[in-house]
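In UniProt numbering, the protein residues as written are 1 to 444. Encoded as structure tokens, the structure appears first; notes follow it.
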Ligand code: GDP
Ligand code: MG
């Protein structure tokens, strides 16, 4: 299914080639297909709408990079926006509270709460935490026993079952045992229902008030479709959610629920359940889920490769010129662009052989953005001849350049002085580089 979708999109994208920046028409056409892809991945409709709107605003006017079509460029932007929306990776469990820290597991019946409770216990145990599991599922006769068995497999503590005890009473007992027996973490596995009902919400809220959990994890099946919005909103409003666990990503659901739930709650997706076994719990990686939701990984990696190539080519070109002892004002201007990307000159200098120390000494070469923009404007006001041969720039030319770029002559002087300093450093670097090359038997 992914392949056919990808090739269908490929068709659209090939028709959209040949322009410098993304036009509204490019973006609209590409996003029509993206919209279908998101809906097929089970992202809830209102979330899709909002998301598409956001991408559109971000995409129109963006430069299309060399050897990539506008449509492919839009896919890359969609992919990046998906990652941003899904959130940064590796948001760990928050355990910063007095022991025993309480984790409350909530969600619909069959979503994987009990299994995930045991998986978390295994994970925490590896971090040398002493974990107690307690089941509050008093409605299904086998449920408490299920957790007890899993606790045995995980080799962690489990609260002894008392028949007939109600959830709040079990919670109090779990906290009590947790304190008395020196547990670091108490995981409360609540009962679910097939559908959201207010009785369930009231019960979970009551447990929450008693337990004061540090984490309340909403467990949801990756298969959840349009319902994900209601589910996430209800649990977040009535109980309060601190994180999301998406289970069954080992199946073939594309996991659009992740985007829906994240968008509705604003809470991070903390873990992914990837199987029935207790070690099948993964830390959330937004890029992986984004790729899965969009189903266009090949296009994304193509664009990423093209971007890398261009950056590398430009850096290598500059490094070559420095190596030859050539560094004019136009190189300096281009360097400003690189500086913004790389942070400072070290990136380029570091590519030269034998200049590691010099690169370290250049730490202070990073400049602030506004200054960079002004300096770029100054150089742009020079003729090519002046950029190639800065010695030409005498008083009258300086005045012209200052007027052209809207700065005063002192600033032009400062820039030229900075250029002289950089040029000097570059010459030294070049000599060092040559020595390095000789030492390595590369240059003669
Ligand atoms: P609960 O009702 O929310 O407590 O759900 P359970 O933890 O009892 O899980 C219901 C079923 O889903 C069980 O058969 C689990 O083995 C299975 N399950 C849970 N998580 C996963 C997962 O990540 N992948 C797969 N394939 N099965 C899972
Ligand atoms: Mg259960």
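Built from N, CA and C at the ideal position, the CB exists for glycine as well. Every value quoted in this text rests on a predicted model; they were computed, and no experiment measured them.
Mind checking which residues open and close the alpha helix (DSSP H) that includes residue 184? Position 184 of the chain shown holds residue 184. Taken as a continuous stretch (DSSP letters only), residue 184 belongs to no alpha helix (DSSP H), as it is neither H nor E.
By DSSP, does residue 20 sit in helix, in strand, or in coil? Your numbering for residue 20 matches position 20 in the chain shown. The answer is coil: DSSP assigns residue 20 none of H, G, I, E or B.
Residue 284 in three-state terms, based on DSSP: Residue mapping note: residue 284 aligns to position 284 of the chain shown, counting from 1. Coil at residue 284, not helix or strand.
Beta carbon of residue 249, beta carbon of residue 225: below 8 Å? Locating residue 249 in the chain shown gives position 249, counting from the first residue. Locating residue 225 in the chain shown gives position 225, counting from the first residue. No, Cβ-Cβ distance for residue 249 and residue 225 is not below 8 Å.
Cβ-based burial, residue 21 [other Cβ within 10 Å; buried from 16]: Mapped onto the chain shown, residue 21 falls at position 21. Residue 21 is exposed by the Cβ-count criterion.
Could you give the distance in angstroms between the alpha-carbon of residue 376 and the alpha-carbon of residue 406? As a working mapping, residue 376 is identified with position 376 in the chain shown. As a working mapping, residue 406 is identified with position 406 in the chain shown. Going by the C-alpha atoms only, they are around 12 Å apart.
State the DSSP-derived secondary structure class of residue 249, mapped to helix, strand or coil. Working through the chain shown from its first residue, we reach residue 249 at position 249. Looking at residue 249 - three-state DSSP - the assignment turns out to be coil, as it is neither helix nor strand.
Would you call residue 413 buried or exposed, if buried means 16 or more other Cβ atoms sit within 10 Å of its Cβ? Here residue 413 refers to the residue found at position 413 when the chain shown is read from its first residue. The residue in question, residue 413, is exposed, as its Cβ has fewer than 16 Cβ neighbours within 10 Å.
Considering only heavy atoms of the ligand MG, does any lie closer than 7 Å to the CB of residue 143? The residue you call residue 143 lines up with position 143 of the chain shown. Yes, the Cβ of residue 143 comes within 7 Å of a heavy atom of the ligand MG.
For residue 265 and residue 245, what's the separation of their Cα atoms in angstroms? For the purposes of this step, residue 265 is identified with residue 265 of the chain shown, where counting begins at 1. For the purposes of this step, residue 245 is identified with residue 245 of the chain shown, where counting begins at 1. Approximately 13 Å, taken between the alpha carbons.
Tell me whether residue 280 counts as near the ligand GDP, meaning its Cβ is closer than 7 Å to at least one heavy atom of that ligand. In the chain shown, the residue the question calls residue 280 occupies position 280. For the ligand GDP, at least one heavy atom lies less than 7 Å from the Cβ of residue 280.
Ends of the alpha helix (DSSP H) at residue 52? By 1-based counting over the chain shown, the position of residue 52 is 52. That run of the alpha helix (DSSP H) goes 45 to 59.
Examine the ligand GDP and report whether any of its heavy atoms sits within less than 7 Å of the Cβ of residue 216. Counted from its first residue, the chain shown places residue 216 at position 216. False, no ligand heavy atom lies under 7 Å from that Cβ.
Using CA coordinates, which residue listed in 127, 163 and 80 is at the minimum distance from residue 140? Along the chain shown, one-based indexing puts residue 140 at 140. For residue 140, the nearest C-alpha among the options comes from 163.
Cα-Cα separation, residue 431 to residue 325: Within the chain shown, the letter at position 431 stands for residue 431. Within the chain shown, the letter at position 325 stands for residue 325. C-alpha separation (whole angstroms): 8 Å.
Mind checking residue 215: buried by the 16 CB within 10 Å criterion, or exposed? Within the chain shown, numbered from 1, the residue matching residue 215 stands at position 215. Answer is buried; the Cβ neighbour count reaches 16.
Does the distance from the CB of residue 261 to the CB of residue 220 come in under 8 Å? Position 261 of the chain shown holds residue 261. Position 220 of the chain shown holds residue 220. Result yes, Cβ atoms of residue 261 and residue 220 sit closer than 8 Å.
How is residue 427 classed by DSSP in three states: helix, strand or coil? As a working note, residue 427 is residue 427 in the chain shown. Three-state DSSP puts residue 427 in a helix.
In the DSSP assignment, find the beta strand (DSSP E) that holds residue 273 and state where it starts and stops. On the chain shown, position 273 is the one that residue 273 refers to. Start and end: 269 to 273.
Should residue 113 be counted as a contact of the ligand MG given a C-beta to heavy atom distance under 7 Å? The sequence position of residue 113 within the chain shown is 113, counting from 1. Yes.
Coarse secondary structure for residue 26, derived from DSSP in three states: Taking the first residue of the chain shown as position 1, residue 26 is located at position 26. Three-state result, residue 26: helix.
Short Cβ contact (8 Å threshold) for residue 74 with residue 27: Translated into the one-based positions of the chain shown, residue 74 becomes position 74. Translated into the one-based positions of the chain shown, residue 27 becomes position 27. Contact: yes.
Presumed contact (8 Å Cβ cut-off) between residue 267 and residue 239, rounded CB distance: Walking along the chain shown from the start, residue 267 turns up at place 267. Walking along the chain shown from the start, residue 239 turns up at place 239. Their Cβ separation, rounded to whole angstroms, is 12 Å, which puts residue 267 and residue 239 out of contact at 8 Å.
Residue range of the alpha helix (DSSP H) that residue 80 falls in? Residue numbering aside, residue 80 sits at position 80 when the chain shown is read from its first letter. Unbroken alpha helix (DSSP H) run through residue 80: 70 to 86.
I need the straight-line Cα distance from residue 127 to residue 36, nearest angstrom please. The residue labelled residue 127 in the question sits at position 127 within the chain shown. The residue labelled residue 36 in the question sits at position 36 within the chain shown. So the alpha carbons of these two residues sit roughly 43 Å apart.
Starting from residue 135 and walking both ways along the beta strand (DSSP E), at which residues does that stretch end? Within the chain shown, the letter at position 135 stands for residue 135. Element bounds for residue 135: 131 to 135.
Is residue 224 near the ligand GDP, judged by its Cβ being under 7 Å from some heavy atom? As a working note, residue 224 is residue 224 in the chain shown. Residue 224: no, Cβ never under 7 Å from the ligand GDP.
Residue 116 by DSSP, collapsed to three states: which one? Position 116 of the chain shown, counted from the start, is the residue given in the question as residue 116. Three-state DSSP puts residue 116 in a helix.
Is the Cβ-Cβ distance between residue 186 and residue 174 less than 8 Å? Counting from 1 along the chain shown, the entry for residue 186 is found at position 186. Counting from 1 along the chain shown, the entry for residue 174 is found at position 174. Yes, these two residues count as a Cβ contact at 8 Å.
Report yes or no: do three or more beta-carbon pairs, one from the stretch 60 to 80 and one from the stretch 287 to 302, lie closer than 8 Å? yes
On the criterion of 16 or more Cβ atoms from any shown chain inside 10 Å, does residue 135 qualify as buried, or is it exposed? Taking the chain shown and counting its residues from 1, one reaches residue 135 at position 135. Buried, because 16 or more other Cβ atoms sit within 10 Å of the Cβ of residue 135.
By alpha-carbon positions, which one of 209, 181 and 143 ends up nearest to residue 169? For the purposes of this step, residue 169 is taken as the residue at position 169 of the chain shown. Measuring from the Cα of residue 169, the nearest candidate turns out to be 209.
Buried or exposed for residue 144, please, with buried defined as at least 16 other CB atoms from any protein chain shown within 10 angstroms of its CB. Within the chain shown, numbered from 1, the residue matching residue 144 stands at position 144. Classification for residue 144: buried.
Under the three-state DSSP convention, the category residue 106 falls into: The residue labelled residue 106 in the question sits at position 106 within the chain shown. Residue 106 falls in the strand class under three-state DSSP.
Can you find at least 3 beta carbon pairs, one from the stretch 275 to 282 and one from the stretch 38 to 58, that sit closer than 8 Å? no
Selected residue, minimal CA-CA separation from residue 124, among 38, 296 and 92: Stepping through the chain shown from its first residue, residue 124 is reached at position 124. The shortest C-alpha separation from residue 124 is found at 92.
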